[in-house]
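Engineer: Residues in the sequence shown are numbered from 431 upward in steps of one, following my numbering.
Backbone N, C-alpha and C define an ideal beta-carbon position, used for all residues, glycine too.
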Amino acid sequence: PSLRFYGGLLRNGVSAEERQAPWHANITSGFGPLSWHDVSSPCEQRADGSYLNHAEAERVAALAYELLVHWPNVQIVVLTPYRAQVVELRSAFDRHRAVAGQAGDSGGGKGSGRRGSG
431 PSLRFYGGLL
441 RNGVSAEERQ
451 APWHANITSG
461 FGPLSWHDVS
471 SPCEQRADGS
481 YLNHAEAERV
491 AALAYELLVH
501 WPNVQIVVLT
511 PYRAQVVELR
521 SAFDRHRAVA
531 GQAGDSGGGK
541 GSGRRGSG
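#1: Using a threshold of 9 Å, state whether the C-beta atoms of F523 and L497 are closer than that.
#2: With H500 as the anchor, note down where its alpha helix (DSSP H) starts and where it stops.
#3: DSSP puts Q505 in a beta bridge; with which residues?
#4: Quickly, what does DSSP pair Q475 with across the bridge? List them, please.
#5: Taking 9 Å as the cut-off, decide whether the C-beta atoms of S445 and L439 are in contact.
#6: Starting from R434 and walking both ways along the alpha helix (DSSP H), at which residues does that stretch end?
#7: Determine the burial state of N503: buried for a count of at least 16 other Cβ atoms within 10 Å of its Cβ, exposed for fewer.
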């Protein structure tokens, strides 16, 4: 990306080895360093101009929960530029946490708390 988008001027702060997550070593996990999950559902625009996508938020929460079940001590960061999507993501994480609580599985690693505001 540095060469393509920044003319080679962008420098990494850490090496690829320092960015390794525990699930990268497990080929069957399905979670590589970067993965794309297509969620074919429409976005909704709020009156303030912010966007959200309910299905996308549910998918992100499900993936994060799955990671936390297998690796409870990892921190997960979810980024979105839209305030409405932040609210939707928080709701989706709360729903997954509630379902996990009913099932007797906390799934609550370090990354399960609320952080940031959009």
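Structural biologist: So, from the listed chains and residues:
#1: no
#2: H484 to H500
#3: DSSP output for Q505 lists no bridge partner at all.
#4: Y481
#5: no
#6: S432 to Y436
#7: exposed
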